[in-house]
Amino acid sequence: MKQPAADPAAGPADEADTEILVGREEFDTLQRDLDQALAKADEHWKLYLGAHAEMENLRKRTERDVQNAHKFALERFFGELLPVRDSLEMGLAAAGGDVEVAKLREGVELTLKQLALAMEKFGLREVNPVGAKFDPSEHEAMAMVPSDRAEPNTVAQVVQKGYLLNDRLVRPAKVLVAQAPPKPA
Numbered sequence: 001m002k003q004p005a006a007d008p009a010a011g012p013a014d015e016a017d018t019e020i021l022v023g024r025e026e027f028d029t030l031q032r033d034l035d036q037a038l039a040k041a042d043e044h045w046k047l048y049l050g051a052h053a054e055m056e057n058l059r060k061r062t063e064r065d066v067q068n069a070h071k072f073a074l075e076r077f078f079g080e081l082l083p084v085r086d087s088l089e090m091g092l093a094a095a096g097g098d099v100e101v102a103k104l105r106e107g108v109e110l111t112l113k114q115l116a117l118a119m120e121k122f123g124l125r126e127v128n129p130v131g132a133k134f135d136p137s138e139h140e141a142m143a144m145v146p147s148d149r150a151e152p153n154t155v156a157q158v159v160q161k162g163y164l165l166n167d168r169l170v171r172p173a174k175v176l177v178a179q180a181p182p183k184p185a
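Quick note on numbering: the working numbering labels position 153 of the sequence shown as 153, and the sequence is numbered without any gaps.
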């Protein structure tokens, strides 16, 4: 910085005052620059913290998505396999007790048991809600039936079983829902 020319008439006190004024201006300029730099650093720190939090949330979300993908990878497969299981169960029910069909029935029973165990092993669970309160998120009402044995709005009969895969609904149970019997007139 350029020093002002010394005035021959000015005494030593005037020179000191001038130097103080120049020093004060330099100090004020430096203080302003420092304040601006600190404000900018604070702004960048906040941006860094926001980006760091966003990355952490993304990491957690991605981890959760991968876990769910592993957990529910078999959902479509079981959805396709359930009608096969239903057919085996209906075939057994239709076979009855005929002696000629006994060996075939035994084979189908073993196959069905093996299929059920394999499905359970991978987290598929049967929903058999007879007597439970009707829940539209887990049950599909096929009809309302008058019943004096079951409470109104409870499942009186299961038409087709429902299934959960790792506690997530794969297929709702198709049910008949009890209603109070009509009152005699």
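Positions of the beta carbon are idealized from the N, C-alpha and C atoms, including for glycine. Please read all numbers here as calculations on a predicted model, not as lab measurements.
Check	Outcome
Cα-Cα separation between Leu-58 and Lys-133, rounded to whole angstroms	40 Å
Reduced DSSP category for Leu-104 - H, G, I as helix; E, B as strand; rest coil	helix
Presumed contact (8 Å Cβ cut-off) between Val-170 and His-139, rounded CB distance	Contact flag wrong, Cβ pair sits at about 14 Å.
The segment 149-158 touching the segment 98-114, judged by at least three CB pairs closer than 8 Å	no
Pro-181 beta carbon less than 8 Å from that of Ser-147	yes
Cβ shell of Gln-160 (< 6 Å), same chain only, five flanking positions each side left out	Lys-174
Pro-83, DSSP secondary structure in three states	helix
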